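Line by line, the protein sequences give chains L and H.
Under my numbering, think of the first position of the first sequence as 1032, with each following residue one higher.
Under my numbering, think of the first position of the second sequence as 1032, with each following residue one higher.
Every residue gets a Cβ at the ideal spot worked out from N, C-alpha and C, and that includes glycine.
Please read all numbers here as calculations on a predicted model, not as lab measurements.
Remarks on the structure that follows.
2 protein chains.
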Amino acid sequence: MSRPQEFDTSEALYQALGVFWRKGYEATSLTELLTATGLSKSSLYATFGSKRELFMAAFDTYRQDRARAAHHVLEQGPVRPAIDAFFHQLFANVNDAEPAFGCMSINQAVELAPHDAEVRQRVVQDLQSMENLLTRTIERGQQSGALTSPRPARDLAKLLVLAFPGLQVMARAGYSTQQLNDSLQLLLSHLDG
Amino acid sequence: MSRPQEFDTSEALYQALGVFWRKGYEATSLTELLTATGLSKSSLYATFGSKRELFMAAFDTYRQDRARAAHHVLEQGPVRPAIDAFFHQLFANVNDAEPAFGCMSINQAVELAPHDAEVRQRVVQDLQSMENLLTRTIERGQQSGALTSPRPARDLAKLLVLAFPGLQVMARAGYSTQQLNDSLQLLLSHLDG
DNA sequence: TCAATTTTGGACCGATGAGTCCGTAATTAC
DNA sequence: GTAATTACGGACTCATCGGTCCAAAATTGA
Chain L
1032 MSRPQEFDTS EALYQALGVF WRKGYEATSL TELLTATGLS KSSLYATFGS
1082 KRELFMAAFD TYRQDRARAA HHVLEQGPVR PAIDAFFHQL FANVNDAEPA
1132 FGCMSINQAV ELAPHDAEVR QRVVQDLQSM ENLLTRTIER GQQSGALTSP
1182 RPARDLAKLL VLAFPGLQVM ARAGYSTQQL NDSLQLLLSH LDG
Chain H
1032 MSRPQEFDTS EALYQALGVF WRKGYEATSL TELLTATGLS KSSLYATFGS
1082 KRELFMAAFD TYRQDRARAA HHVLEQGPVR PAIDAFFHQL FANVNDAEPA
1132 FGCMSINQAV ELAPHDAEVR QRVVQDLQSM ENLLTRTIER GQQSGALTSP
1182 RPARDLAKLL VLAFPGLQVM ARAGYSTQQL NDSLQLLLSH LDG
């Protein structure tokens, strides 16, 4: 009955996400979004509504993907490598040209959260989920003997969550992989002893 | 010989700083800067050159003030209250209407640093200064017996620097003073034991 | 008082921001 | 083939962006 859509909506969303993730909300122009998605202006507006709606859709896509990945990494296998891998996602760079993107939720905690309740709520939720997930993982490690710290698992998880944005900041400030790894090992050493 | 300037340059700079601190670079418009400083456009450009130059001047003013304050707080008096006070500067809110501004250097690590070498360099320098200063303070605490952790002072300092942006993110995400304080105490508990 | 100098307000600029709209092309069901 | 429907490109709007420029007002030293 109707002409079929020529582009892949999901694909376009991911392309837009890439730009928002790297540059943030304000610094991203419509023109860049059109270039990245390959859509025409009318298609983009018909599909996503507005810049802000597109941003929120992209952000939620990101959050969903990351949550899934975090569960996948943390809820199976030996605890210590799992936690290590979890943090490595943070500064695994797509291309080595520029600093890592870091975590988009943390980026948005800084950029939009203070002035935007919807974003703020999402950031809080992400931090909370991360704490819960890490708590379960650390409990698992303590039970298996892989982690020897006698502190409550939740306290240790809180410490990791607290340090998470620090690693992100270092990554975005251009610290080397070596330095990031050193900091990470230092942090994780607090899971023992 | 010449007509004297009607406004206080330094005062105007501080007003501009307030806006940049709260909203970041991109989200701050010239119009807002004019309103905040009370200057006319020509005066602002004659005095500060451009939006970017004004930003950098404001940023450097901020960094200088903060460094001075940090030294003042950390280099005298009992170590533990000193460190406590140091972190409290982070979420001491000017007015309780909105979330705390946090640390401008951290904000800029997220917003501009990835794409702007000049900003990046300043951020790295700030993190480094902070680590050095905290190292000295912790050493002092270990010598006086106020801090009982056997870990190297520099390692403990690195942990605090790593957690610093985390507290900032929580502050900007709207966490309560109570929650921030709990996290801070949890963090500082690692200075003992 | 007058000349020299400098600040100041506001008009003005081109570029770009996000967003709207419509004519045209393409695809489908019948 | 044709009618109905939808996607698409691009022209268009209006506001705001950062930034320039100039004429007028104000203050100073002499």
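| Asked | Found |
| --- | --- |
| Partner residues on chain L for F1195(H), Cβ-Cβ distance less than 7 Å | G1197 |
| Cβ of K1189(H) within 8 Å of any chain L Cβ | yes |
| Which of helix, strand or coil DSSP assigns to R1099(L) | helix |
| CB contact below 8 Å: D1186(H) versus chain L | yes |
| Cβ-Cβ distance between V1200(L) and I1137(H) below 8 Å | yes |
| Touching by the beta-carbon criterion (3+ pairs, under 8 Å), the region 1173–1185 of chain H and the region 1184–1196 of chain L | no |
| Cα-Cα separation between D1039(H) and A1077(H), rounded to whole angstroms | 14 Å |
| Closest Cα partner of Y1056(H) within the set Q1216(H), D1096(H), F1090(H) | F1090(H) |
| Minimum C-alpha distance to S1214(H) - residue among F1086(H), A1098(H), D1115(H), L1105(H) | D1115(H) |
| Per-residue contacts from E1057(L) into chain H (C-beta, under 8 Å) | G1055, E1057, A1058 |
| Whole-Å CB distance - V1104(H) paired with A1177(H), under 8 Å assumed | The Cβ separation is near 15 Å, so there is no contact. |
| P1130(L) at chain H interface by Cβ criterion, 8 Å | yes |
| Cutoff 8 Å; reference E1142(H); Cβ partners in own chain excluding five residues on either side | G1055, Y1056, E1057 |
| Simplified DSSP assignment, three categories, for E1063(H) | helix |
| Residue burial classification, K1189(L) (beta-carbon count within 10 angstroms, cutoff 16) | buried |
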